[in-house]
Amino acid sequence: MGRPDGAAAADGAAAAHTAATAHTSTATDSAATALGSAATGGAAATGGAATAGGAAAAGGFTGAPAPPGGAARSGPDVAERRLHPAYLVISAGQTVRTLLPAIVGASVFPHRWWVLGATAVLVVAVSVIRWWTHRYSVVHGVLRVRSGLLKRTTESVPVSRITALDTFAGVVQRILGVSGITVQTPGDGRSSTVKLHCLSASALAQVRTALTADSGTGARIGIDSGVDTGADAGVDSGVDAGVDAAARTAGRSVLAAPLSRLVQGVEGPGSVPPIAVLEVRALLVAAVTGTSIPLLLAGAAAAWNRARDLLPDSTLRWIRHEVLDHGGATTLVVLGLVMVAALVAVVLTAVRLARWTLVREPERLRTTRGLVVQRSSSIPVDRVQGVRLVEGLWRKPLGYCAVEVEVAGVAGGQDHQRTLYPLVRRAAAADLVRRALPELRWSGEDPVPVGAAARRRYPTLPLVAGLALAAAAVLLLPGWWRLTALFPAVVAVVAARGQVAAAGWRLTPDTVTVRWHRVFATHTVVARTRRVQLVHRTQTVPQRRAAVAGVWLVLSSARRARLRHLAAADADLLLHVVGRRPGAVRPVAAAPAP
Amino acid sequence: MSHAVPSPAPESGRAPEPDERPLPGDAPEERRRLPARTATYWRVQALLTGVPVVALATLGAVTLRWPPEPLRWTVAALLFLWLVVLRGLVAPPIRRRRFWYCISADEIDLQHGVLMTTRTLVPMNRVQHLKTTQGALADRFRVASLHVHTAGGVVALHGMDRDEAARVRRRIGALAGLADDV
């Protein structure tokens, strides 16, 4: 590959720098020279790695930037360059969308055309500056994104730290023939995500090749996944290159393409046969059962907020008057609207989940999905800490569940990124996981229920909480509204039954399985025993008297597996075994007797 | 390893298996505890916020028209019980008695909590970064809080002796330079 000596030093530094967060953004207020700002920003972020990268990248910066979508290079590096010019359009669209309330407000003023004209000039200027100053490069295994004119920001992400790659293409992006890429690193959600909005198909393929070619760097040490990390980089990039041409056709001819072409995805599954593809029937079941009430309410709230920004006040007053001050017919209208909202939510969910395809590549899991906005996620198998089977309120009686992966940095509110497969028969889930993630070595056996003494204690909390809420409703609400007290009471009984039935665990040398029920959904987490981040053992005074304790496992995704009650001896066993270094793990083949 | 004899945890009904490596805190004599002044610090800290809140609630109970009078006084009484009696007077010594921590070369083992005691095990190679915090009041009592950040969340050691916190932070910082597997 002929890398300069700096590469080895950079990789070593990235590997040794374990206590640092994976990426930081640093601002330099003065217009420093490119080399200076790269050195200060990069050094703070990743130590020697970024400094070496910065020195090498400076040459590319002073020269002419490579044209977007230029010829593919032989090495995995990507010279510093700007995003595809289509970013101008998308950036302008984003600015207009943020300014929309102000624009609507300004259009009432007498000099509205001047104001709107000035705004348009401003929007164009901002877009051009944003596009001009936004540059990215992959040098010596470090992705660097620099942006900003006055407040300069440099983000450096060592490739070895990436936990997930997510490509997406919305309607506008597909018309313009570009797609975006999201780079996920361990950390807390938004600040640990780096986004490149507009890349041409060939630039995307190049960047993905550079970001997925982490195998040869040797940056990961001390892993125990059983995966051979030294192989298969060539296969991976080969797939990417093959997909490249298809992606370009899919992107460019989007308007003329038949539906089958449209749903092909940003990158098709390539030559590797998929593990599972979501059929139409399963898609419908998934959409109907997967549309949650919170999603519905969130959609309604968002629509109402938008409406408040856009609609004139008189119309709003009329709506409020009609809806809130009348009974009878208005109630029917509202019910009708709720039904329409539910239908829209189901359709939206279906569009999002359509053509869900799961592919296992040598070292990565890749999912592609979506009808309108096409998305593709790629997760290094080595980063997967465990899987989670979620049996929701409607899916559990039908015998279905969703399969999610636990990956650092992909936590709350990012369903689409952590979902491995949106709907599978519970009985077939173990088989799916075994084919997608043989490294997990999950036997697929169900967890063993906790003992009777522990099981007896589960109904207390939901029943007390439910009764308290019901009592509060009866005491505080007037008239017929008191009937709503029935709701928390019923939910409490259902939740208590579910919690008693679900609570269970199983421990093998490779995996720890915990199954528990929250309010509506049963969760089963299968985690790599040695990769659990934290183990808590909790005990109250009554629990101590009954020799019962709770256990709480935290994964690096910052998500939890929680058993509120199990035998204290079992809790101690889990505390002594789970998450500890290999030397500490004693093979515990048999789970405790029920 | 600093402790040679594996001994059962006092709350547990089961001794660790012979080939199961004991946790650092399994040996009671190895457990480190908080200085006695920490309980006083917690008391003062709780009362500094609790007393004004209860005073405000009492003022509200006397002056407000709504909600109904019994409810107003119930809220004030509950706030007094919770903020002054429980958090300010009863809980701090119990909290100090329940708390212990133990640091070996591989792991941080600690227990905290009043109503629910939580014992947490942090393998040393999970530690991402460390933070010490110290307010003006803590400064007067020469105590500090040490926060141990991991990819899965924060574990806090509250109310440690200031110099001890600095020592522990240096020790963990030196020990945590291991490979990660996030």
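As given, the protein sequences belong to chains A and B, one line each in that order.
Just so you know, we're using our numbering here: the first sequence kicks off at 1 and counts up by one.
Just so you know, we're using our numbering here: the second sequence kicks off at 1 and counts up by one.
From the three backbone atoms N, C-alpha and C, an ideal C-beta is built for every residue, glycine too.
As DSSP reads the structure, B:Lys131 sits in a beta bridge with B:His147. With respect to B:Gly25, B:Asp139 sits apart: the two C-beta atoms are not nearer than 7 Å. B:Gln111 has B:Trp100 and B:Arg119 as its beta-bridge partners, per DSSP. Sixteen is the threshold: since fewer than 16 other Cβ atoms of the shown chains lie within 10 Å of the Cβ of A:Met339, the residue is exposed. For A:Gln499, none of the residues of chain B pass the 8 Å Cβ criterion, the least Cβ distance being about 18 Å.
Under a 10 Å Cβ-count criterion, B:Met160 is classified as buried, with 16 or more other Cβ atoms of the shown protein chains found around its own Cβ.
Under the three-state reduction of DSSP, A:His536 is assigned to strand. Taken atom to atom, the span from the alpha-carbon of B:Thr117 to that of A:Val138 is near 48 Å. Per DSSP, the continuous alpha helix (DSSP H) segment holding B:Pro52 begins and ends at Arg37 to Thr63. In the three-state reduction of the DSSP assignment, B:Glu69 falls in the helix class. B:Val143 has its alpha-carbon roughly 31 Å from the corresponding atom of A:Gly579. B:Glu107 and A:Arg369 have their C-alpha atoms some 42 Å from each other. Chain order gives no chain A residues near B:Arg95, where near means a beta carbon separation below 9 Å; the closest approach is about 14 Å. In the structure shown, A:Leu553 falls within a strand segment according to DSSP collapsed to helix, strand and coil. Residue contact with chain B for A:Val554: present (Cβ-Cβ distance below 7 Å to some residue of chain B).
Nearest C-alpha to A:Val124 among A:Pro85, A:Lys151 and A:Arg135: A:Pro85. For the pair of segments examined, the stretch 505–516 of chain A was found not to touch the stretch 466–485 of chain A: the number of CB pairs separated by less than 8 Å stays below three.
If you ignore the 5 residues before and after A:Ala496, its C-beta comes within less than 7 Å of the C-beta of Tyr458, Pro459, Pro462 and Leu463, all in its own chain and listed in chain order.
Bridge pairing for A:Gly180: A:Phe168 [DSSP]. Residue state for A:Pro438 is assigned as helix, using DSSP reduced to three classes.
For B:Leu78, no Cβ of chain A is located within less than 7 Å of the residue's own Cβ. The Cβ of B:Met160 sits no closer than 7 Å to any Cβ of chain A. For a cut-off of 8 Å, the C-beta gap from A:Glu406 to A:Gln385 is around 4 Å, short enough to register as a contact. Secondary structure of A:Lys195 (DSSP, three-state): strand.
A direct Cα-to-Cα measurement between B:Pro67 and A:Val373 gives close to 51 Å. Boundaries of the beta strand (DSSP E) around A:Thr419: Thr419 to Arg425.
In the three-state DSSP reduction, A:Pro362 falls in the coil class, being neither helix nor strand. For B:Pro123, a Cβ of chain A is located within less than 7 Å of the residue's own Cβ. Contacts with chain B at 7 Å (Cβ-Cβ) include A:His536. By a beta-carbon distance limit of 8 Å, A:Ala210 contacts A:Val78. Their separation comes to about 5 Å. Against A:Thr540, the close residues of chain B are Leu115 and Met116, in the order they occur along the chain (beta-carbon pairs closer than 7 Å). B:Gly153 reaches chain A at Gln533, Leu534, Val554 and Ala558, counting residues in chain order whose Cβ is nearer than 8 Å. With 16 or more other Cβ atoms inside 10 Å of its own Cβ, A:Thr538 counts as buried.
Under the three-state reduction of DSSP, A:His523 is assigned to strand.
At a cut-off of 7 Å between beta carbons, B:Thr132 makes no contact with chain A. One Cα belongs to B:Ala36, the other to A:Leu469, and the distance between them is close to 41 Å.
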